[in-house]
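Undergrad: Note that this note's numbering has the sequence shown beginning at 1396, numbered continuously upward.
For every residue, glycine included, the Cβ atom is placed at its ideal position computed from N, Cα and C.
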Amino acid sequence: MRYDFSESPDVDIFGYFGLAAEYSRWEEKTYTLHGGQESAVDETSLRAHLGLGYQASILGEGAWRSRLAVLPGISGLSSVRAEAETIFSVPLSDRLRLRFDVSMAYESDPAFDALDRLDTSLGAGIQFDF
């Protein structure tokens, strides 16, 4: 479900809500001095998806888009995910755009202890619109 907050053609501010059911399965291997042991792990969860977004035209034909989403666990309230993304793009031609983006993802309870809770990425590329 999405709700638009602005009526301007140059600026779009919106919020959204959804529900998601997730199922994950992976294999774990444990090694000791006397051999290895395998076990399967199944994980099922129900999450809400709450988000806010902003999109605007800037610098003539350029576009700025930001999105923030929070995904709290409904079946286990201690588990929360958050995602943020900002994209800036400028046209190179009618169908090509130069794109820069920054993305961050947070997981309060990662599946494995070796994983970081916060993941950040920077990107640049050429976008083809068809």
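1) If you draw a straight line from the alpha carbon of leucine 1517 to that of aspartate 1496, how long is it in whole angstroms?
2) Using the beta-carbon count (16 or more within 10 Å), is leucine 1466 buried or exposed?
3) Apart from the five residues on each side of it in sequence, which residues of its chain come closer than 6 angstroms, Cβ to Cβ, to arginine 1492?
4) Please check if any C-beta of chain B sits within less than 9 angstroms of the C-beta of arginine 1442.
5) So, is isoleucine 1490 buried or exposed, given that buried needs 16 or more other C-beta atoms within 10 angstroms?
6) To the nearest whole angstrom, what separates the beta carbons of glutamate 1478 and alanine 1500, a pair I think is in contact under 8 angstroms?
7) What ranges does the alpha helix (DSSP H) occupy inside the stretch 1438-1502, keeping only unbroken runs of at least 4 residues that lie completely in it?
8) Starting from aspartate 1514, follow the beta strand (DSSP E) in both directions and report where the run begins and ends.
TA: Quick answer:
1) 6 angstroms
2) The C-beta of leucine 1466 has 16 or more other C-beta atoms within 10 Å across all chains shown, which makes the residue buried.
3) Cβ within range, chain order: Ser1484, Pro1486 and Gln1522.
4) No chain B is present in this structure, which holds just one protein chain.
5) It is arginine, not isoleucine, that sits at residue 1490 in the sequence shown. Burial call: exposed.
6) Indeed they touch by this definition, with Cβ atoms about 5 angstroms apart.
7) Not a single unbroken stretch of the alpha helix (DSSP H) spanning 4 or more residues falls wholly within the stretch 1438-1502.
8) 1513-1523
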